[in-house]
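K.L.:
In my numbering, the protein residues as written are 2 to 507.
All C-beta atoms, glycine included, are put in the ideal place defined by N, C-alpha and C.
Right, I'll just put the structure down here and ask away after.
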């Protein structure tokens, strides 16, 4: 299957990541962009770039016809979907195949099967992997509330209502008791219908303090499936991951063998090819349960790359070309480092992590040993309101977890972002939290944190510390040091606030 010029049907940091992998392999790249992305980093980096429409995703990045037209016009012979947008859309994968393009991902049939959460649960059960007790058939709008209530009673409360299609926490509701069911059902169906065009939901028993563990897989067209060391993705807000690491402190070598073997069995049973991820819940008693399969590259793939030494994006392309996997299965399950990723979002952690769009006045990413910054953002960029507000993925790795955390702390101190609020202050706090350091956390960690802090801001240092920081900056300037360093000053504060403090002490 030819892969000599790749159209990247995405934007931002993942488009940049794919361009770099292609460049390393001597493969030409084609970028696409909406109106607000005209000067974006991925557009400037690609060999060619084409406009595909206005800013709203449905008028640009979700337009299958426009993407296929660009592929034909540019002479691209392959398409990389990245993640998000159309990455798990079977119609897009089928359209690429019908157009004679190599889709760098699994087949449309597998995407469709595993994209249905209930069909995926059935596949996992058939492969012998445990699933959380719940329904295995969709509960569409034609299923009356009374029937849903009967099913819920048979499963037992508390429950989770989840959208059959899609993901990312949309169409998901917690149901603590019968009195909550009707309202949660209406809300979940409405949100699922708006987000995915499918209002069907399913029921799943809610585990009380689960950890979110996932297994990265690579599978070629010759029947080989390679699972990698697990990733820990329990630090989440609104069911979206914000800190990921590998390996997990909660997974023993024996559990790793059983977990990764079960994940590989699911992939083999459905005839999976390319990169994919089996997501699981790990209960307090050590039991693991299949949650879902993501039929694409994950946002958090860099932690696996740093732990394994494998370039997952390059292998996506090599598999799409028909190459056989040559990765040692034992090496893939033997961590050679510990890696942590923090997703730097344009969000305000002091306001329930709500988006904080605006223009980036200054951007200086950290560097140095054991630090990687995957970003599509640039200084002067206006963070658009139309897309996911992630501006960067910061990854740190070292021989063990304490060293990796120390490097991440250093990197977060060095990271300068002015003009917008970011999640950096939260990460700086989290990496000093006793429970996080001890590995005592689950998927409700952030919710508990916000409740316990009672509104205390993450990005507001104590008055004395703030004054000392401003004094240090003023002295630095007075002594001819040039630009004031951000010593002790939270990177997320705006440039003019920091400068005002310095001016006041002159």
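Need the endpoints of the alpha helix (DSSP H) that residue 283 sits in, please.
P.N.:
Position 282 of the chain shown holds residue 283. Where residue 283 is concerned, there is no enclosing alpha helix (DSSP H), although the beta strand (DSSP E) it sits in stretches over 275-283.
K.L.:
Going by beta carbon distance, what residues of the same chain come within less than 6 Å of residue 221, once the five residues before and after it are set aside?
P.N.:
Start at 1 with the first residue of the chain shown, and residue 221 comes out as number 220. So the qualifying residues of the chain are 320, 325 and 326.
K.L.:
Along the chain, which unbroken stretches of the alpha helix (DSSP H) at least 4 residues long are found entirely within the stretch 286-359?
P.N.:
The qualifying runs are 302-309, 313-321 and 330-333.
K.L.:
Which runs of the beta strand (DSSP E), 3 residues or longer, sit entirely within the stretch 32-98?
P.N.:
49-54 and 79-81
K.L.:
Note down the Cα distance separating residue 458 from residue 343, rounded to an integer number of angstroms.
P.N.:
Walking along the chain shown from the start, residue 458 turns up at place 457. Walking along the chain shown from the start, residue 343 turns up at place 342. Computed Cα separation, rounded: 19 Å.
K.L.:
Ends of the alpha helix (DSSP H) at residue 17?
P.N.:
Position 16 of the chain shown, counted from the start, is the residue given in the question as residue 17. Start and end: 13-25.
K.L.:
Helix, strand or coil: which one does DSSP assign to residue 118?
P.N.:
Here residue 118 corresponds to residue number 117 of the chain shown, with the count starting at 1. Of the three classes helix, strand and coil, the one that applies to residue 118 here is helix, per DSSP.
K.L.:
Taking 8 Å as the threshold, find out whether the stretch 374-391 comes into contact with the stretch 4-21 through three or more Cβ pairs.
P.N.:
yes
K.L.:
Of the residues 253, 74, 126 and 129, which one's Cα is nearest the Cα of residue 102?
P.N.:
To locate residue 102, count along the chain shown from 1; it is residue 101. The shortest C-alpha separation from residue 102 is found at 74.
K.L.:
Give me the Cβ distance between residue 205 and residue 171, rounded to the nearest whole Å; I'm assuming they're in contact under 8 Å.
P.N.:
Indexing the chain shown from 1 puts residue 205 at position 204. Indexing the chain shown from 1 puts residue 171 at position 170. In fact, because the Cβ distance is near 16 Å, the residues do not count as touching under 8 Å.
K.L.:
Can you say whether residue 255 is buried or exposed, counting buried as having 16 or more other CB atoms within 10 angstroms of its CB?
P.N.:
Numbered from 1 along the chain shown, position 254 holds the residue referred to as residue 255. Answer is exposed; the Cβ neighbour count stays below 16.
K.L.:
Just the C-alpha distance for residue 67 and residue 53, rounded to the nearest angstrom, thanks.
P.N.:
To locate residue 67, count along the chain shown from 1; it is residue 66. To locate residue 53, count along the chain shown from 1; it is residue 52. Each residue's alpha carbon lies about 6 Å from the other.
K.L.:
Pick helix, strand or coil for residue 217, following the three-state DSSP scheme.
P.N.:
In the chain shown, counting from the first residue as 1, residue 217 sits at position 216. Residue 217: strand per DSSP, three-state reduction.
K.L.:
At which residues does the alpha helix (DSSP H) containing residue 374 begin and terminate?
P.N.:
By 1-based counting over the chain shown, the position of residue 374 is 373. For residue 374, no alpha helix (DSSP H) segment is defined; the enclosing uninterrupted segment is the beta strand (DSSP E) at 372-376.
K.L.:
For the putative contact between residue 355 and residue 418, defined by C-beta atoms under 8 Å, what is the C-beta separation to the nearest angstrom?
P.N.:
Walking along the chain shown from the start, residue 355 turns up at place 354. Walking along the chain shown from the start, residue 418 turns up at place 417. So it is not a contact: roughly 17 Å between Cβ atoms.
K.L.:
Leaving out the 5 sequence neighbours to the left and right, which residues in its chain are closer than 7 Å to residue 84 when beta-carbon positions are compared?
P.N.:
For the purposes of this step, residue 84 is taken as residue 83 along the chain shown, with counting starting at 1. Answer for residue 84: 15, 297, 298, 299 and 300, listed in chain order.
K.L.:
Would you kindly report the start and end of the unbroken alpha helix (DSSP H) that includes residue 2?
P.N.:
Within the chain shown, residue 2 is the residue found at index 1, counting from 1. Careful: residue 2 lies outside any alpha helix (DSSP H) and carries neither H nor E.
K.L.:
Mapping DSSP to helix, strand and coil, what is residue 173?
P.N.:
Within the chain shown, numbered from 1, the residue matching residue 173 stands at position 172. Of the three classes helix, strand and coil, the one that applies to residue 173 here is coil, per DSSP.
K.L.:
Expressed to the nearest angstrom, what Euclidean distance is found between the alpha-carbon atoms of residue 430 and residue 242?
P.N.:
Walking along the chain shown from the start, residue 430 turns up at place 429. Walking along the chain shown from the start, residue 242 turns up at place 241. When rounded, the distance between both Cα atoms is 17 Å.
K.L.:
Tell me which residue opens and which closes the beta strand (DSSP E) that residue 368 is part of.
P.N.:
For the purposes of this step, residue 368 is taken as residue 367 along the chain shown, with counting starting at 1. Note, residue 368: premise wrong, no beta strand (DSSP E); not H, not E.
K.L.:
Assign residue 253 to one of two classes, buried (16 or more other C-beta atoms within 10 Å of its C-beta) or exposed (fewer than that).
P.N.:
Within the chain shown, the letter at position 252 stands for residue 253. Residue 253 should be labelled exposed.
K.L.:
For residue 265, which residues of its own chain have a beta-carbon under 7 Å away from its beta-carbon, when the five flanking residues on both sides are left out?
P.N.:
Looking up residue 265 in the chain shown gives position 264. Around residue 265: 218, 226 and 228.
K.L.:
With H, G and I counted as helix, E and B as strand and the rest as coil, what does DSSP make of residue 229?
P.N.:
Against the chain shown, residue 229 aligns to sequence position 228. Coil.
K.L.:
Tell me the start and end of each unbroken beta strand (DSSP E) in the stretch 381-413 that is at least 3 residues and wholly inside, in chain order.
P.N.:
391-399
K.L.:
Starting from residue 164, trace the beta strand (DSSP E) in both directions and tell me its first and last residue.
P.N.:
Numbered from its first residue, the chain shown carries residue 164 at position 163. It spans 160-164 - the beta strand (DSSP E) in which residue 164 sits, taken as one unbroken run.
K.L.:
Whole angstroms are fine: how far does the CA of residue 142 sit from the CA of residue 270?
P.N.:
On the chain shown, position 269 is the one that residue 270 refers to. On the chain shown, position 141 is the one that residue 142 refers to. Across the structure, residue 270 and residue 142 are spaced so that their CA atoms are roughly 31 Å apart.
K.L.:
Quick one: give me the first and last residue of the beta strand (DSSP E) that residue 108 is part of.
P.N.:
Working through the chain shown from its first residue, we reach residue 108 at position 107. Residue 108 -> no beta strand (DSSP E), and no H or E assigned at all.
K.L.:
Taking the alpha helix (DSSP H) that residue 152 belongs to, which residues open and close that run?
P.N.:
Sequence index remark: in the chain shown, residue 152 carries index 151 (1-based). Residue 152 -> alpha helix (DSSP H) spans 146-156.
K.L.:
Can you list, in chain order, the residues of its chain with a C-beta nearer than 6 Å to that of residue 428? Leave out the 5 residues immediately preceding and following it.
P.N.:
Counting from one through the chain shown, the residue named residue 428 turns up at place 427. Taken in chain order, the residues that qualify are 343 and 413.
K.L.:
When you measure from the CB of residue 407 to every non-hydrogen atom of the ligand GTP, does any distance come out below 7 Å?
P.N.:
Because no ligand of any kind appears in the structure shown, any question about the ligand GTP cannot be addressed here.
K.L.:
Reducing DSSP to helix, strand and coil, say where residue 244 ends up.
P.N.:
In the chain shown, residue 244 corresponds to position 243, counting from 1. Residue 244 falls in the strand class under three-state DSSP.
K.L.:
Taking 8 Å as the cut-off, does the stretch 396-416 touch the stretch 441-448 (at least 3 CB pairs, one atom from each stretch)?
P.N.:
no
K.L.:
For residue 351, count the other beta carbons within 10 Å of its own beta carbon; 16 or more makes it buried, fewer makes it exposed. Which is it?
P.N.:
Along the chain shown, read from residue 1 onward, the residue named residue 351 stands at position 350. Burial call: buried.
K.L.:
Would you mind working out which of 194, 202 and 453 sits nearest residue 182, comparing C-alpha positions?
P.N.:
Within the chain shown, the letter at position 181 stands for residue 182. With distances taken between Cα atoms, residue 182 lies closest to 202.
K.L.:
Please state whether DSSP places residue 29 in a helix, a strand or coil.
P.N.:
Here residue 29 refers to the residue found at position 28 when the chain shown is read from its first residue. Strand.
K.L.:
Out of 197, 245 and 396, state which residue places its alpha-carbon closest to the alpha-carbon of residue 409.
P.N.:
Locating residue 409 in the chain shown gives position 408, counting from the first residue. Of the candidates 197, 245 and 396, the one whose C-alpha sits nearest the C-alpha of residue 409 is 396.
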